[in-house]
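Colleague:
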Amino acid sequence: MAEPTDTRPDTVTVSIDGRPVAARPGEMIIAAAERAGVYIPRFCYHPRMRPVGVCRMCLVEVKGPRGFALTPACFVPVSDGQEIVTDSPTVKKAQDGVLEFLLVNHPLDCPVCDKGGECPLQDQTLAFGPGETRFVEEKRHWAKPIPLSPLVLIDRERCIQCDRCTRFADEVAGDPLIEFVGRGDHIEVNTFPDLPFSSYFSGNTVQLCPVGALLSKPYRFKARPWDLEQVESTCTMCSVGCRIAVQSSSNRLTRYLGIDSDPVNHGWLCDQGRYSYDYVNSDQRLAAPLVRKGDELVESSWGEALGMVAKALDSARSVHGPGALAVLGGARLPNEDAYAWAKLAKGVLGTDNVDAQLGDGLPAEVVLGLPRATIDEACSAPAVILLAPDLKEELPVLYLRLREAAQKGVPIVELTPRRTGMSRYAKATLCYRPGEVADLARALMKGTKSDVAGVRAADVSATRSLLAEGAVVVLGRPSVSEPAACVAAAAAELAAIPGVRFLSALRRGNVHGALDMGLAPGVLPGRVALDDARDWYSSSWPTVPAERGLDAEGILHAAAAGRIQALVLLGADPVADFPDHQLARRAVAGAGFVVALDAFLTESARQADVVLPAAAFSERRGTTTNLEGRITSLGQKIVPNGVAWPDWMVAVELAARLGTELGFESTEDIWSEIERVAPSHAGITRDVLADRRSRDGVVAPLAEPAPQGAVPAEAATDTTAGATTDVPGDVDPMSDPGIDAAETQGVPATAVVPDPPTATGPVSDEPRPPLLAFAGEASPVPSAPPDAYSLRLVASRKLYGTGTLVQRTPALAALAKPPCARANPTDLDRLGMGQGGRVRVRTARASFLVDAEPDPGVPRGSVWLAFNSGEPGTDGPGELIDAAQPVTDVRVETP
Amino acid sequence: MAVTDAKPIVTRRVGTADSWTLKSYLADGGYTGLKKALSMEPAAITQEVLTSNLLGRGGAGFEAGKKWSMLAKPRPAYVVVNGDESEPATFKDHMLLENDPHQIIEGTIICAYAVGAAQAFIFVRGEFALGMERITAALNEAYAHGAVGKDIFGSGFSLDVVIHPGAGAYICGEETALIESLEGKRGFPRIKPPFFPAAVGLYGKPTIVNNVETVSNLPWIVENGGAAFAALGIGRSTGTRIFSLSGHVERPGNYEVEMAKTTFRDLMEDQRLGQGIRNGNKLKAFIPGGASAPWFGPDQVDMALDQDAVGKAGSMLGSGSVVVMDETTCMVRAAWRITRFFHRESCGQCTPCREGSGWIDKVMRRIEEGGGRESDLDLLLDVCDNIAPGLGWPPRQTTICVLGPSIPSSVTSGIRMFRDEFLLHIKEGACPYG
Amino acid sequence: MARLTPENEKRARELIALYPEARSALMPILHVAQEQDGWLTPDAIAHVADLLGLTAAEVYGTATFYDMFFTHPVGRHLVSVCTNIACLLNGGVELLEHAEKSLGVSPGGTTHDGAFTLEEVECIALCGEAPCLAVNWRFFGSVTPERFDTLMADLRSGALADTVPPHGTLCRVRRSVGLPAAAVEPAPAEPGAARPQSPGTT
Ligand SMILES: Cc1cc2nc3c(=O)[nH]c(=O)nc-3n(C[C@H](O)[C@H](O)[C@H](O)COP(=O)(O)O)c2cc1C
Ligand code: SF4
Ligand code: FES
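Residue numbers (the numbering used here), protein chains in the order written: chain A, 1 to 895; chain B, 1001 to 1434; chain C, 2001 to 2202.
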């Protein structure tokens, strides 16, 4: 376990201003007081970081051997019988004195400061500050805001040296790139000259700063806090599901702020998520339906466009049968939209050729069918195995949580084709040869005398000992140029670890919700197998697919071969995202009719026959499901751009035109049906989700099958409450997280929902079908040993890449780097390219020039290219990959 | 009282030819104290030091033996010798480093043996280039002589001693800042709890921090016994101690005299010592224990150099430096210069010290330069009060370390003792002393 | 404007070997870097960071806390005049004013020929010989205006070259013993050889 189980009594009693208060042993006075309703002012203290006690704002009197003494409440822990005074004249004078000192060198330029209106220093001063200033001397001067990074500026004159940003960079992010520079009242927060604060988490420092010293470049001068409206929501840029406050002014998104969700993000966000609001504001958003006239896509009306789509779907089905229809994507849609499309595709059109993933994920049986862990469970596990992509690049806040766990002593074992951002904190990093991870996993379970997959036998044995007490496996695709089947087979091996649980590391925002909702071949909504649940669903759906359909790769092959007459792309861009770019291009070209629902005209959408403008994040209500299976509400803050529709409405309208009513008029209707028919979601009613106590979301399935029962008190009174109304209670993300949130670690998420009720009983008296279980049949694809002249390709993502959303976010687009082939120095030396330089990479199907860089983190014999770099069709790594090959061996040559 | 003829202990070799060399040190019986110590039980040495009641010479004046006995159990433990001497007007450790480095090394090893330390570090103020060269050379000699390193003098006790250079920051004299600095960090004093390095110190391990002069006494104490040391002086103020005498005296310098039996007047006027105020001028005020100490006036010169007496009188012997100011001194200027020092040296962690020191510096400057207002005096006192609430002695503090409450000493002394002179500056709009 | 020379990198590794934790060697190594270039060049800081497994920002942030480290070039001779209390009482301020006139720079400034950088320092613990100053941390006591000018002249002419090494050179005696076998270097100059008379006490 991370922390030794502690044997201290579970409460001590202290006296605060003469009032007895029960406190938790070891907690700081400031926390105990706050819970008792006594707010002690503070600036440097932050419940998610190590206390430093430097600002001195929190001075209170504490009785010691020599009588009462002024003591920083943020630094001194409670002890039984302790006497604390927070309201004496001495305390008042000390606190007023500190406040006055803080203003001595502060410019007091609130009217032109972004922070004005939400500034703790300003609030303190207005509340308690000296009326007029007694300081008439010259203030300290610094050049006005200077950039610390492309995203963050600092106004050093406003800085109060609270050490929050610098502590965050060092302790929380592990990127100590900003530091105190100088001494005394010349201290400034700065970087090493010309070495920017290039941390994926830099934006958090702006939110943490208790004054207006740290500024967001994109937000600067954009709005005044009092003009901002706010709704709580969840970031869907990746699947971690960080809670955010979405803020807007006059129907334009202005910023996202992290909300402290104890089981998930602790208030932190990555910069990709924090700044992604700007893609919603992009002027490149689709503003009207487009239909193909010749080789032109021309603006059209919803009526005409939907008519064409309905006709195409109908004729494809009636002439060629449901097998000629296919739906790709949906992993970025809210659950309700995903369900509506699953019902249309499988329950109305009758096709099972449906896949939310684009060949870069894992089979639904693996993701949904293995015993699952929450983030908290992973962070307190006896050991964590990372069989996943570089979390720092793909799931940044999960990286923060696990990094913290590692530093608290949870051993981390990496099975990875190259060293990752986590490697420096890992107990073991086993770099395997792409394609052979299953052999490595087997060796880990059974032991080995000889080296496996390029890993030394000794290292394998040393690592095995770390797994004795069980483990949580973080499971994803370390490289998209290695088959999912290899990872599935490895997972099957690791499933034998006693008490093992799995935490999915699939990336796309709501991929787990999409799988829950049935957007995958062979499954139906509620984590059930098509064959197990056919009868169950036939009672509530018009039809159910006759047999298992194709996955993304199968669909693309079929389309390329002309066997798909109608292809629906739900916010999916296979031409850019499917690992095998050439196959994706041939498929989109070969499909009879292509309709794309999207917010932008993606590479794939350009080829479509009809393009329908979809509403974007923050323009629609709904729920989303993170990688734990945790369901949270998405808030709608603004009305859609142009005439964009949410995807579920398109499904309803198309169904109607095909002569079927899906039976929804709102996302609330859809959720009620999901709760009713989807076995994994039974009991998670709109009321349960709306319950204040489930503001951190609800992990499906609920602990016990939901008994018929009363609606929780709060919810019951609130009859308008629905799954998609925002969680009640207002948060102020600019203030510190509630101390409680920071302290009650690891509560099982379902604990917030005592006796969750079911809105209505099962639709039929049949027993609910069993939830999916991964049988563990997965055979690794044998791969030929790499030839001596080739390097084996590792293709995984960087946080900032060529993806549509990042590229449509001005602040982030520029941060994407051009493609670069990273290989072990010795391999580059062999090519006489020790220092790197331009090289040609070549496979049987493509060849192009890229920069090469020596990277000792890449094992000999492999080469790493960021999958989301370069241009599809020219120098995207996807050009090199052949889906038919188990692995991709690349020739790297001097040009 | 009068100056006793107690023999100097730590300075007895200063001035002898090549006093810093091993040859000279051995000729004067060097390292016999260490040899004797190594033949004793460590606990017995601590007992001797307790008996001697040797008070720390760095400023806080804490009993060395008592500190050693408080060393926490966990091992390894470390010994750190504080040679960062930066307290204004203190120049005794500088002298010891240049003139008797072997005595420091010998004392360091005795301390390390007594407390069972794994390694010892001598932190030498970075500016002391010559002192650094002398003690580094001495360490090389001592190693060659078998006095440091593996199996010292065949006793089976081994110890490595590292000379660590500072880099220019007064605050690193504060023991917890010193430790941070020794760990390669910014010299930010550590916040309490934990309260003593003896509990949690270098690398989080139990650590004894002692001043250069303190450890220099150890060879003599071990050789002659704690009782012999305690026989000198009176009450808690035992032994002899170096006083750095500076300012307006005929013969400034370091004088090692018997504690408690000698008075400030002896120090300033005795022919063997200060030889009187320069040019026969009158004494206006003096600082009894370094820039951090509140000032005394002529009426207090007959007070004995007794730690407790001085403490009771509202100041401290501190680092043992006595600054003499005669009638020609501008008290505003003197007080301003000292505040300015603290402003420049505040580490910057604590708001009251970081901002308060600069504020007071700027107001004092304004008064000295003729821009003063009458309200400034109350303002100064109130700002001081916000750093050291109550302005009492020993001071209370709103800061982490005691540099904070040291800032007010000179200003409040100046205003308390020379309010008229301050007001004169303000009325005349200029410094009457030009 | 360099990273550490191979010789100095070796010294750095020896220093690291002296301490239980590598970072403790940070300041000693920075003194080596400053001895090499006269100030802390960005390349040297980056190199030191690599040697200690720190970021350049961490090394830079630490270095700038300490007055003796310069992150910009300074003159061959750093002339540090004390004006703290004991010197104030004995003409330290007047000495500084004289120094400003005679060198033609104000505190913080460097003479055109790059020979001298003048600074006002806090107490340098030579109060018995106030007013006093240090040149590259070699101390000179009881400095009258006249003595100051001859001193500067001697420094210019190189007459004091063996007492006052170039700025950055702090301790010319190297630890020669007790180094972990791995880090032992060839025996250095006999300690006495490098030993100057105490300027302060002459
Ligand atoms: C601001 C400040 C500066 C100090 N400077 C020194 C110093 O230069 N030398 C020293 O030995 N002690 C200094 N001290 C005292 C040390 O913190 C510590 O008490 C002392 O080194 C312990 O050694 P001792 O018990 O032998 O005196 C200073 C304390 C403070 C608060
Ligand atoms: S009191 Fe001053 S010197 Fe001491 S820790 Fe606080 S800021 Fe630093
Ligand atoms: S909040 Fe306690 S000192 Fe800053």
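Backbone N, C-alpha and C define an ideal beta-carbon position, used for all residues, glycine too.
Note that this is a predicted model, so its numbers are computed, not measured.
Given 7 Å as the limit, tell me if P1189/B has its C-beta closer than that to any heavy atom belonging to ligand 2.
Modeller: Yes, the Cβ of P1189/B comes within 7 Å of a heavy atom of ligand 2.
Colleague: With 8 Å as the threshold, decide whether the Cβ of G2158/C is near any Cβ in chain B.
Modeller: Closer than 8 Å: no.
Colleague: Give me, in chain order, the residues of the same chain whose beta-carbon lies closer than 8 Å to that of R1333/B; leave out the 5 immediate sequence neighbours on both sides.
Modeller: Result list for R1333/B: E1368, C1431 and Y1433, in chain order.
Colleague: Mind pulling the chain A residues with CB within less than 7 Å of E2042/C?
Modeller: According to the sequence provided, residue 2042/C is Pro. The question's Glu does not apply to it. Those are P193, listed as they occur along chain A.
Colleague: According to the Cβ coordinates, are A821/A and V863/A closer than 8 Å?
Modeller: Cβ atoms of A821/A and V863/A: closer than 8 Å.
Colleague: Q161/A lies in the beta strand (DSSP E); which residues open and close that run?
Modeller: Q161/A -> no beta strand (DSSP E), and no H or E assigned at all.
Colleague: So, P1288/B versus L1245/B, is the Cβ gap smaller than 8 Å?
Modeller: Contact flag unset, no.
Colleague: Could you say which of V112/A, E138/A and L349/A lies nearest to H320/A if we only look at CA atoms?
Modeller: Nearest C-alpha to H320/A: L349/A.
Colleague: Going residue by residue through the stretch 263 to 345 of chain A, where are the continuous alpha helix (DSSP H) segments of at least 4 residues, counting only ones entirely within it?
Modeller: Listed in chain order, they are 271 to 275, 277 to 280, 302 to 320 and 335 to 342.
Colleague: With DSSP run on the structure shown, which of helix, strand or coil describes F1153/B?
Modeller: Here F1153/B sits in helix by DSSP.
Colleague: Hey, A23/A and V38/A are a contact pair by Cβ (cut 8 Å); roughly how many whole angstroms apart?
Modeller: Not really, about 12 Å apart at Cβ, beyond 8 Å.
Colleague: Under a Cβ-count criterion, where at least 16 other Cβ atoms within 10 Å of its own Cβ denotes burial, should G2114/C be classed as buried or exposed?
Modeller: Per the 10 Å Cβ criterion, exposed.
Colleague: Listed in chain order, which residues of the stretch 1031 to 1047 of chain B have Cβ atoms closer than 9 Å to some Cβ of chain C?
Modeller: So nothing in the stretch comes that close.
Colleague: Of all the CB atoms in chain A, is at least one closer than 8 Å to the CB of T2055/C?
Modeller: So yes, T2055/C belongs to the interface.
Colleague: Please report the distance separating the alpha-carbon of A1044/B from that of L1034/B.
Modeller: The straight-line gap from Cα to Cα measures roughly 13 Å.
Colleague: Can you give me the C-alpha to C-alpha distance between L1440/B and G1173/B, rounded to a whole angstrom?
Modeller: Residue coverage of chain B in this structure runs from 1001 to 1434, which leaves residue 1440/B outside it and unanswerable.
Colleague: Does the Cβ of R695/A have 16 or more other Cβ atoms within 10 Å, making it buried, or fewer, making it exposed?
Modeller: With 16 or more Cβ atoms within 10 Å of its Cβ, R695/A is classed as buried.
Colleague: Just confirm the distance between the C-beta atoms of G53/A and P72/A, as a whole number of angstroms; I'd bet it's less than 8 Å.
Modeller: Right, their Cβ atoms sit about 4 Å apart.
Colleague: Out of curiosity, what's the CA-to-CA distance linking K1192/B and T685/A?
Modeller: Roughly 51 Å separates the two Cα atoms.
Colleague: With a floor of 3 residues, list each beta strand (DSSP E) that falls wholly inside the stretch 1205 to 1278 of chain B, ordered by position along the chain.
Modeller: For the stretch 1205 to 1278 of chain B, whole beta strand (DSSP E) runs of length 3 or above, ordered along the chain, are 1207 to 1211, 1240 to 1247 and 1253 to 1258.
Colleague: Report the rounded CA-to-CA distance for L1423/B versus Y2066/C, giving the unit in angstroms.
Modeller: Going by the C-alpha atoms only, they are around 38 Å apart.
Colleague: Do E1223/B and R1241/B come within 8 Å of each other at the CB atom, strictly closer than that value?
Modeller: Going by C-beta atoms, R1241/B is not nearer than 8 Å to E1223/B.
Colleague: Kindly say whether F2148/C, judged by its beta-carbon, lies nearer than 8 Å to any beta-carbon of chain A.
Modeller: So, not an interface residue.
Colleague: Near T125/A, what residues of its chain come up, given a Cβ to Cβ distance below 7 Å and the 5 sequence neighbours on each side ignored?
Modeller: Excluding sequence neighbours, T125/A sits near L99 and L103.
Colleague: Using C-beta distances below 7 Å, list every residue in its chain close to I259/A, excluding the 5 sequence neighbours before and after it, in chain order.
Modeller: The answer, listed in chain order, is E232, R243, I244, A245, G267, V731 and P733.
Colleague: Suppose the cutoff is 6 Å on Cβ atoms and the five residues either side in sequence are ignored; what does the same chain contact list for A1118/B look like?
Modeller: Cβ neighbours of A1118/B beyond the five flanking positions: P1076.
Colleague: Is P389/A closer than 8 Å to A505/A when the C-beta atoms are compared?
Modeller: Cβ atoms of A505/A and P389/A: closer than 8 Å.
Colleague: Taking the straight line between their C-alpha atoms, what separation do you get for S216/A and H46/A?
Modeller: Their Cα atoms are separated by approximately 20 Å.
Colleague: Using the C-alpha atoms, what's the distance from I1135/B back to A2194/C?
Modeller: Note that A2194/C has pLDDT 32, beneath the 50 cutoff, so the model's placement of it is unreliable and no number is given.
Colleague: Cβ of G526/A within 8 Å of Cβ of V677/A?
Modeller: Yes, the pair counts as a contact, with Cβ atoms nearer than the cut-off.
Colleague: Using a Cβ cut-off of 7 Å, which residues of the stretch 151 to 178 of chain A contact any Cβ in chain C, in chain order?
Modeller: Within the stretch 151 to 178 of chain A, the residues whose Cβ lies closer than 7 Å to some Cβ of chain C are P176, L177 and I178, listed in chain order.
Colleague: Beta strand (DSSP E) containing P41/A: first to last residue?
Modeller: Careful: P41/A lies outside any beta strand (DSSP E) and carries neither H nor E.
Colleague: Residues in its own chain within less than 6 Å of V2121/C by CB, not counting five upstream and five downstream?
Modeller: Excluding residues within five positions, the ones whose Cβ falls inside 6 Å are S2080 and C2082.
Colleague: Listed in chain order, which residues of the stretch 1337 to 1353 of chain B have Cβ atoms closer than 8 Å to some Cβ of chain A?
Modeller: Residues passing the 8 Å Cβ filter: H1343, R1344, E1345, S1346, C1347, G1348, Q1349, C1350, T1351 and P1352.
Colleague: Could you please give the first and the last residue of the uninterrupted beta strand (DSSP E) stretch that includes H2077/C?
Modeller: Per DSSP, H2077/C belongs to the beta strand (DSSP E) from H2077 to C2082.
Colleague: Using a threshold of 7 Å, is the CB atom of F1195/B nearer than that to any non-hydrogen atom of ligand 1?
Modeller: No, Cβ of F1195/B sits at least 7 Å from all heavy atoms of ligand 1.
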